[in-house]
Amino acid sequence: MVRILDDERVAGLIIETEAYRGRRDPASHAFRGKTKRNEVMFGPAGHAYVYFTMGAHFCLNITTEPKETPAAVLIRAIEPVDGVAVMKRNRGLEDIHRLADGPGKLTRALKIDKELNGEDIVRSARLFLEREAVPKEIAASSRVGISSGKSFKWRFYVEGSGFVSRAKPSA
DNA sequence: TAATGGATGTTCT
DNA sequence: GAACATCCATTAT
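Numbering-wise (our numbering), the first sequence opens with residue 2 and increments by one.
Next up, the structure:
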C-alpha cells in the first residue's frame, strides 16, 4: 500500500485485513442500508471508504464488488517499508512494530482522514496499491472488536508477523 | 500483565 | 440515551 505525502513515498506491506460484506453481514456498516457515512460502500469497487470511529480515530477500507453491492476490506495493519521516518513523525513513536499495527494507528501513520473518503485508488496519485509477492502463511480468524457476526472467520493476517494488531487472535 | 476509562462522531433505539 | 469495525494513559494485580 502506497501513500504519497509531499512528494514522498510512504509505503508498507499489508499484513492484516478484515472483510465486511454488506447486507449479509450483521457487523457491516452497510447491513442496515445506505447512510451518508457508508454511501461509498455502495459505489463501485476500488475506492477508499474512510470513516471516523469511537469519537477519535479513522479507519481505511477498500471497496469491492459492483455498484449497489456494498462490501469492503478493512486494512488493519501494515509493515512499514518506505518513508518510515515520516510514519514515526506522524505517530510520535520510534517502535516500528507499533507504527501501524491497528486500523486507527495505520491511518494516523499515513495521514489518511475523511478527506480521502471516496478516493479512486485505481487512478489516485495520493493513495494506491502495488502488486507484491503474496505471503505464504496467511491465517484466518474471527474479526476484532465486533459484537455480531463473530462466527465468520473473515480476518486474514500473515502468520508469525510481528506487525499484526493482536498477537493472539481469538480463534 | 490485565483491567479501566476518556475522547466524542454517527447511527440506531 | 446507548452502542460502536479504536487507541492510549492510568491504575490495579
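Don't be surprised by glycine CBs; every beta carbon is placed ideally from N, CA and C. From a predicted model like this one, the values you see are computed outputs, not experimental measurements.
The residue among 137, 108, 81, 104 with its C-alpha nearest the C-alpha of residue 95 is 81. Where residue 54 is concerned, the enclosing beta strand (DSSP E) starts and stops at 49-54. Counted as a single uninterrupted DSSP element, the alpha helix (DSSP H) harbouring residue 105 occupies residues 104-110.
For the 8 Å CB-CB criterion, residue 79 and residue 61 do not form a contact.
One alpha carbon belongs to residue 127, the other to residue 5, and they sit about 5 Å apart. Counting along the chain, the unbroken beta strand (DSSP E) around residue 77 starts and ends at 73-83. The residues 30, 52, in chain order, have a CB closer than 8 Å to that of residue 38 in the same chain once the five nearest residues on each side in sequence are set aside. Rounded to whole angstroms, residue 138 and residue 159 show a C-alpha spacing of 6 Å.
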